[in-house]
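K.L.:
Got a structure for you, written out below as structure tokens; questions coming shortly.
In full-length UniProt numbering, the protein residues as written are 1 to 344.
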């Protein structure tokens, strides 16, 4: 039986991130970003993460031919770690008409907003919800319970106008334009893989828990919106009718995404540790050993901190930092922390 493993990643955007829909929202912006249909909360589609991870991994491996949609130029794609991980298309026996497609062995899912930055009279705060934190493996407890705090659960009569904070405050708090009452305090602890990371610790005491029903409203009211215009090269001024606006997830947004290993072939092409540490051109592989498909994905996703994901990359958009190591779970077992190098 194949081993099914799931890794949960935590990202923080270090630039605004724009993954467009190719359309617009009436009365809002010209170029809108992808959202969940039911909640209207923005997200980064798994397709975007998959494409970025594959392209980045191919660059690290020094085999850019493995990144495209046609892999005819890849010598023995069945022996290439990029093609094995993400899948490939191959012409059968040199025939141009018959094409064989081989599925990849990893499933990369959407990156969902976990904590969203909002301006307030207390400075920048990050809004989240009980459901989102619990789904991502965070522990929420009552801060007044001493050394063994009990798990905190939302009150049954929780009104939409009340929030719960991870710091001491009793006065009303504004979230952008929206004034909220403080209902009490909570303590939020991240999984051990992330809990001691500097970027997470910087916001851990600035979290605001809101009801899921108003989370979308607050997020969509505080997205970053920019305006651009085309320049007439002859006049050096703006072209008439060339003004357009676009929105993005702001810097310092925290998101979680899951990757599942679904490898029933179990025939990893890089058999020896020596090969797992070298590129296609026999040079040292940056970022560590590729001992399995999950290691390839992790290397590709980590490079997003440098190369970005989504559109407007040449205009300062798209970079996201990976926070710590992913939290890993094996199907049929318990949630556990991934061990360094254990990515086969």
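Just so it is clear, CB atoms sit at the ideal spot from N, CA and C, and this is done for glycine as well.
Being a predicted model, the structure only gives us computed values, none of them experimental.
If I follow the unbroken alpha helix (DSSP H) through residue 204, where does it start and stop?
P.N.:
198–204 is the extent of the alpha helix (DSSP H) around residue 204.
K.L.:
With a 10 Å radius around its C-beta and 16 neighbouring C-beta atoms as the bar for buried, classify residue 124 as buried or exposed.
P.N.:
Exposed is the call here.
K.L.:
Rounded to the nearest angstrom, what separates residue 160 and residue 173 at their Cα positions?
P.N.:
Each residue's Cα considered, the two are about 14 Å apart.
K.L.:
In this structure, does DSSP put residue 276 in helix, strand or coil?
P.N.:
Looking at residue 276 - three-state DSSP - the assignment turns out to be helix.
K.L.:
Could you give the residue range of the beta strand (DSSP E) that holds residue 193?
P.N.:
Note, residue 193: premise wrong, no beta strand (DSSP E); alpha helix (DSSP H) at 192–195.
K.L.:
Figure out for me which residue from 8, 4 and 314 has the closest Cα to the Cα of residue 298.
P.N.:
Of the listed residues, the one whose Cα sits closest to residue 298 is 8.
K.L.:
Please name the residue in 291, 325, 301 and 249 whose C-alpha comes closest to that of residue 16.
P.N.:
Per the Cα distances, 249.
K.L.:
Near residue 344, what residues of its chain come up, given a Cβ to Cβ distance below 6 Å and the 5 sequence neighbours on each side ignored?
P.N.:
Any reading at residue 344 must be qualified, since the residue scores a pLDDT of 47, below 50, and its modelled position is unreliable; the value itself is stated next. Taken in chain order, the residues that qualify are 291 and 292.
K.L.:
Where does the unbroken beta strand (DSSP E) through residue 308 begin, and where does it stop?
P.N.:
Residue 308 -> no beta strand (DSSP E), and no H or E assigned at all.
K.L.:
Taking C-alpha atoms, which residue in 55, 50 and 328 lies nearest to residue 105?
P.N.:
Of the listed residues, the one whose Cα sits closest to residue 105 is 50.
K.L.:
Where does residue 337 fall in DSSP's three states?
P.N.:
Low confidence applies here, because residue 337 scores a pLDDT of 43, under 50, leaving its location unreliable and the question unanswered by this model.
K.L.:
Spell out a yes or no on whether the segment 262–280 and the segment 78–86 are touching, meaning 3 or more CB-CB pairs, one atom from each, closer than 8 Å.
P.N.:
Short answer: they touch.
K.L.:
Which runs of the alpha helix (DSSP H) fall wholly inside the segment 34–99 and span at least 4 residues, in chain order?
P.N.:
Qualifying alpha helix (DSSP H) stretches, in chain order: 46–60 and 81–86.
K.L.:
Thinking C-alpha only, which one of 310, 284, 140 and 238 is nearest residue 31?
P.N.:
The residue with the shortest Cα to Cα distance from residue 31 is 310.
K.L.:
At the level of alpha carbons, what is the spacing between residue 65 and residue 90?
P.N.:
Cα-Cα distance, rounded: 13 Å.
K.L.:
May I have the straight-line CA-CA distance separating residue 336 from residue 245, to the nearest angstrom?
P.N.:
For residue 336, the predicted model reports a pLDDT of 45, less than 50, meaning its position is unreliable and no value from the coordinates is stated.
K.L.:
Within a Cβ cutoff of 8 Å, which residues of the same chain sit near residue 40, ignoring the five residues on either side of it in sequence?
P.N.:
The answer, listed in chain order, is 216 and 220.
K.L.:
Where do the N-terminal and C-terminal ends of the beta strand (DSSP E) with residue 219 fall, by residue?
P.N.:
Here residue 219 belongs to no beta strand (DSSP E); instead the alpha helix (DSSP H) covers 212–221.
K.L.:
Is the CB-CB distance between residue 260 and residue 4 below 8 Å?
P.N.:
For residue 260 and residue 4, yes; Cβs fall inside 8 Å.
K.L.:
Threshold first: 3 residues or longer. Then list the beta strand (DSSP E) segments lying entirely within the segment 115–199, N to C.
P.N.:
Listed in chain order, the complete beta strand (DSSP E) runs (minimum 3 residues) inside the segment 115–199 are 125–128, 139–141, 162–165, 173–175, 178–185 and 187–189.
K.L.:
Nearest to residue 143 by CA position, among 168, 73 and 258, is which residue?
P.N.:
Nearest of 168, 73 and 258 to residue 143, Cα basis: 168.
K.L.:
Just verifying my parser: in three-state terms, what is the DSSP assignment at residue 32?
P.N.:
Coil.
K.L.:
Is the Cβ-Cβ distance between residue 345 and residue 183 less than 8 Å?
P.N.:
Residue 345 lies beyond the residue range present for the chain, which begins at 1 and ends at 344; the question has no answer from this structure.
K.L.:
How long is the line joining the alpha carbons of residue 20 and residue 150, rounded to whole angstroms?
P.N.:
Cα to Cα, the separation comes out at about 42 Å.
K.L.:
To the nearest angstrom, report how far apart residue 199 and residue 280 are at their CA atoms.
P.N.:
About 34 Å.
K.L.:
Please report how far the alpha carbon of residue 10 lies from the alpha carbon of residue 231, in whole angstroms.
P.N.:
Using only the alpha carbons, I get a separation of about 39 Å.
K.L.:
Could you give the DSSP three-state label for residue 231: helix, strand or coil?
P.N.:
Note: residue 231 maps to strand in three-state DSSP.
K.L.:
Which same chain residues end up closer than 6 Å to residue 330 when comparing Cβ atoms and leaving out the 5 residues on each side of it in sequence?
P.N.:
Same-chain partners within the cutoff: 5.
K.L.:
Let me know the secondary structure DSSP gives residue 112 once reduced to three states.
P.N.:
Strand at residue 112.
K.L.:
Is it right to say residue 339 is buried, meaning 16 or more other beta carbons lie within 10 angstroms of its own, or is it exposed?
P.N.:
Because the pLDDT at residue 339 is just 39, under 50, the model does not fix this residue reliably, and the value given afterwards should be weighed accordingly. That one is exposed.
K.L.:
Let's see if you can read the secondary structure: which residues bound the alpha helix (DSSP H) around residue 296?
P.N.:
Run containing residue 296: 293–302, per the alpha helix (DSSP H) assignment.
K.L.:
To the nearest angstrom, how far is the alpha carbon of residue 69 from that of residue 185?
P.N.:
Rounded to the nearest angstrom, the two C-alpha atoms are 51 Å apart.
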